[in-house]
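In this note's numbering, the protein residues as written are 15 to 186. Note that beta-carbon positions come from the ideal geometry of N, C-alpha and C, so glycine has one too. Computed from a predicted structure; not experimentally measured. Data block below; observations after.
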């Protein structure tokens, strides 16, 4: 757990290479223990860090592993997080059809999760996918919804991601 925490802190501090090292260690240690809940979270973190470094094939593998582990854990929270991260990865890889299919699957879990942070993160990813697919009207609707429902307790990077997607809409 300490390696996972270290990876998350390095990620927030934008030290992605140290975050990657810590995240790989965390995933390896937790994977060897056969514990699906924390291991899923470790692979989600690892995938997000790899995406930040532009390592999309590794990112994709990590997120697929997180989805598999989240299904074993049967945690709606973990499934929502893992599927959301996977569809963001697919979108950034240009695999929009797959991203949309995964997002359609994720919507059910996100709504069941009833967690403002997961809801915000997924809707931001969903808006990004809509922009990439050229569905600007729906992307605008989602961004408007995000701005209306924003919680003051969200992480800065989550707010930043939503602002980035919103800014992309302003350039179109």
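Start and end of the alpha helix (DSSP H) containing residue 104?
Run containing residue 104: 90-106, per the alpha helix (DSSP H) assignment.
Mind the definition here: the stretch 81-95 touches the stretch 42-56 only if three or more C-beta pairs lie below 8 angstroms; say whether that holds.
By the Cβ criterion, the stretch 81-95 is in contact with the stretch 42-56, since at least three pairs of Cβ atoms, one from each stretch, lie closer than 8 angstroms.
Run through DSSP, which three-state label would residue 165 get?
coil
Can you tell me the Cα-Cα spacing of residue 17 and residue 38, whole angstroms?
9 angstroms
Once the 5 residues before and after residue 61 are set aside, which same chain residues still bring their CB inside 7 angstroms of it?
73, 76, 77, 80, 99 and 103
May I have the straight-line CA-CA distance separating residue 33 from residue 141, to the nearest angstrom?
27 angstroms
Going by C-alpha distance, which of 161, 26 and 22 is nearest residue 36?
22
Name the two residues that bound the continuous alpha helix (DSSP H) containing residue 119.
110-127
Using alpha carbons as the reference points, say which of 118, 87, 66 and 107 lies closest to residue 48.
87
With burial defined as no fewer than 16 other Cβ atoms inside 10 Å of the residue's Cβ, what is the status of residue 111: buried or exposed?
exposed
Once the 5 residues before and after residue 45 are set aside, which same chain residues still bring their CB inside 6 angstroms of it?
53, listed in sequence order.
Among the candidates 177, 130 and 167, whose CA atom is the shortest distance from the CA of residue 154?
177
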